[in-house]
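Undergrad:
Residue numbers (this note's numbering): 232 to 599.
(1) Is it the case that the stretch 303–321 contacts the stretch 344–354, given that we only count it when at least three CB pairs across the two stretches are under 8 Å?
(2) Do you know offhand how far residue 247's Cα is from residue 552's?
(3) If I follow the unbroken beta strand (DSSP E) through residue 352, where does it start and stop?
(4) Can you grab the Cα-Cα spacing for the pair residue 324 / residue 385, in whole Å?
(5) Determine the closest residue to residue 262 out of 541, 480 and 569, with distance taken between C-alpha atoms.
(6) Less than 9 Å between the beta carbons of residue 239 and residue 296, yes or no?
(7) Can you tell me whether residue 571 is buried or exposed, with buried defined as 16 or more other CB within 10 angstroms of its CB?
(8) Mind checking who residue 573 pairs with in its DSSP beta bridge?
(9) Output the residue ranges of the alpha helix (DSSP H) runs that lie fully inside the stretch 361–409 and measure 4 residues or longer, sorted by chain position.
(10) From the DSSP secondary-structure annotation, give me the bridge partner or partners of residue 328.
(11) Could you check what DSSP says for residue 342 in three-state terms: helix, strand or coil?
(12) Taking the alpha-carbon of residue 444 as reference, which of 474, 475, 560 and 597 has the nearest alpha-carbon?
(13) Apply the 10 Å Cβ neighbour rule to residue 257 and answer buried if 16 or more other Cβ atoms are within range, or exposed otherwise.
(14) Is it buried or exposed for residue 271, if we count other Cβ within 10 angstroms and need 16 for buried?
(15) Does the beta-carbon distance from residue 284 to residue 577 come in below 9 Å?
(16) Tell me whether residue 188 sits in a helix, a strand or coil according to DSSP, three-state version.
(17) Would you decide whether residue 425 is buried or exposed? Buried here means 16 or more other CB atoms lie within 10 Å of its CB.
(18) I need the boundaries of the alpha helix (DSSP H) containing residue 540, first residue and last residue.
(19) Between residue 290 and residue 281, what straight-line distance do the alpha-carbon atoms span, to the nearest angstrom?
(20) Does the Cβ-Cβ distance between residue 378 and residue 362 come in under 9 Å?
(21) Please find out if some non-hydrogen atom of the ligand NAD comes closer than 8 Å to the beta-carbon of residue 284.
(22) For residue 474, which residues in the same chain have their Cβ closer than 8 Å to its Cβ, ignoring the five residues on either side in sequence?
(23) Check for me: the alpha helix (DSSP H) holding residue 564 runs from which residue to which?
(24) Would residue 584 and residue 288 qualify as a contact pair, given that the criterion is a beta-carbon distance under 9 Å?
(25) With 16 other CB atoms within 10 Å as the buried threshold, where does residue 332 fall?
(26) What alpha helix (DSSP H) runs, 4 residues minimum, are completely inside the stretch 427–494?
(27) Work out the CA separation of residue 279 and residue 407 for me, nearest whole Å.
(28) Determine the contact status of residue 300 and residue 595, defining contact as a CB-CB distance below 9 Å.
(29) Comparing C-alpha positions only, which one of 360, 575, 524 and 486 sits nearest to residue 342?
(30) What residue from 298, 487, 504 and 460 has the CA that sits closest to residue 478's CA?
(31) Along the chain, where does the alpha helix (DSSP H) containing residue 302 start, and where does it finish?
(32) For residue 405 versus residue 546, is the C-beta spacing smaller than 9 Å?
(33) Quick one, are the C-beta atoms of residue 415 and residue 376 less than 9 Å apart?
(34) Considering only residues of the same chain and omitting the five flanking positions on each side of residue 399, which have a CB-CB separation below 7 Å?
(35) Please report the residue range of the alpha helix (DSSP H) in which residue 308 lies.
(36) How big is the Cα-Cα spacing for residue 328 and residue 568?
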């Protein structure tokens with residue numbers, strides 16, 4: 232393995248810091264909407280976001296940026312199994328707890344932890360290890376899809392029981408992206424895609440609320456008090472922002488109108504306060520994050536480093552664009568938060584851990 236360069240990729244680091252800083256200001260403004268609902272909740276979420284998410288996340292990013300990424304290669308399968316077990320603990324009474332009809336969180340010493348965020352990173356590390364070990368056998372469909380299908384199957388069993396369909400979809404897209412980067416043939420991926428379509432149809436029939444979200448996406452009037460209401464209020468917020476927005480802190484929709492103004496609706500708050508131009512800046516930063524991250528992956532010194540970088544970047548960007556797409560009415564609502572910006576100390580912490588791993592890969596990048 233070549234010697235590490237002195238510096239990490241500065242542009243990638245700058246874009247990440249910009250997203251975190253802008254995200255914190257947007258979150259701080261959006262969280263003021265909680266004052267009209269529950270002032271105590273406002274203080275608790277603000278402290279969690281600042282200390283665990285921003286503070287803890289930036290420290291974790293710096294630590295991970297200085298740990299050689301190949302350290303994780305030998306432990307990747309073990310980390311994945313441990314993350315699966317940790318995620319499954321949400322079903323144990325007393326450890327896991329339910330909110331909004333889903334059982335996705337652990338309560339440890341009074342702190343809330345969403346272990347699926349750890350599972351995302353562990354999945355990327357394990358799948359990258361699998362394809363870097365079996366890259367000479369990818370002409371055989373058993374090796375091309377075997378590891379991916381097995382990993383997605385294990386993840387799917389746990390996440391769909393919670394249920395957390397959105398996170399499973401993001402992990403699925405990430406897995407396919409890693410497979411493409413590893414060199415899996417298109418015809419093999421087509422077979423996998425056909426299987427996923429059938430599985431989605433079965434899932435939609437088994438869980439009517441998923442089908443309801445699709446029909447509401449096609450016609451929001453079908454559910455005027457549920458997801459249809461959220462789409463309507465989101466579009467009102469985005470439209471009222473105009474070109475330059477109302478100004479920081481001046482959103483009206485965050486007060487008693489937008490459901491979850493600090494959660495999956497936070498992009499609508501940002502669009503109302505910063506307008507079309509501010510929305511383009513946010514989207515542009517995520518695009519720059521994706522392009523620079525893939526640039527780092529293309530220059531990684533080995534397959535494992537390249538695949539890990541692809542996986543982490545696609546994982547983060549996919550979640551961000553799913554959130555934005557659902558808020559502007561381009562896709563059904565999923566409830567997924569906006570990476571780096573929405574409330575969720577665990578989510579922000581683990582996203583920055585992933586960024587730290589990519590930054591470490593960049594220290595070993597080949598010049599050409």
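The C-beta atom is built at its ideal place from N, Cα and C for all residues, glycine as well. These numbers come from a predicted model, not from an experiment.
TA: Taking the definition as stated:
(1) yes
(2) 16 Å
(3) Run containing residue 352: none in the beta strand (DSSP E); it sits in the alpha helix (DSSP H), 347–364.
(4) 22 Å
(5) 480
(6) yes
(7) That one is buried.
(8) Looking at the DSSP assignment, residue 573 forms no beta bridge with any residue, so it has no partner.
(9) The stretch 361–409 contains these whole alpha helix (DSSP H) runs: 372–392.
(10) Per DSSP, 336.
(11) strand
(12) 560
(13) buried
(14) Its pLDDT being 47, under 50, residue 271 is placed unreliably by the model, and the measurement read from it follows with that caveat. The residue in question, residue 271, is exposed, as its Cβ has fewer than 16 Cβ neighbours within 10 Å.
(15) In this structure, residue 577 lies closer than 9 Å to residue 284 by Cβ.
(16) No statement about residue 188 is possible, as the shown extent of the chain runs from 232 to 599 and does not include it.
(17) exposed
(18) 534–558
(19) 12 Å
(20) Contact check for residue 378 against residue 362 passes: the beta carbons are separated by less than 9 Å.
(21) Ligands are entirely absent from the displayed structure, and the ligand NAD is therefore not among its contents.
(22) 506, 507 and 508
(23) Counting along the chain, residue 564 falls outside any alpha helix (DSSP H), and DSSP gives it neither H nor E.
(24) Result yes, Cβ atoms of residue 584 and residue 288 sit closer than 9 Å.
(25) exposed
(26) 439–449 and 458–471
(27) Answer to the nearest angstrom: the Cα atoms are 33 Å apart.
(28) yes
(29) 575
(30) 504
(31) From DSSP, residue 302 is part of no alpha helix (DSSP H); its letter is neither H nor E.
(32) yes
(33) yes
(34) So the qualifying residues of the chain are 386, 387, 390 and 391.
(35) Under the DSSP assignment, residue 308 falls in the alpha helix (DSSP H) whose first and last residues are 307–319.
(36) 19 Å
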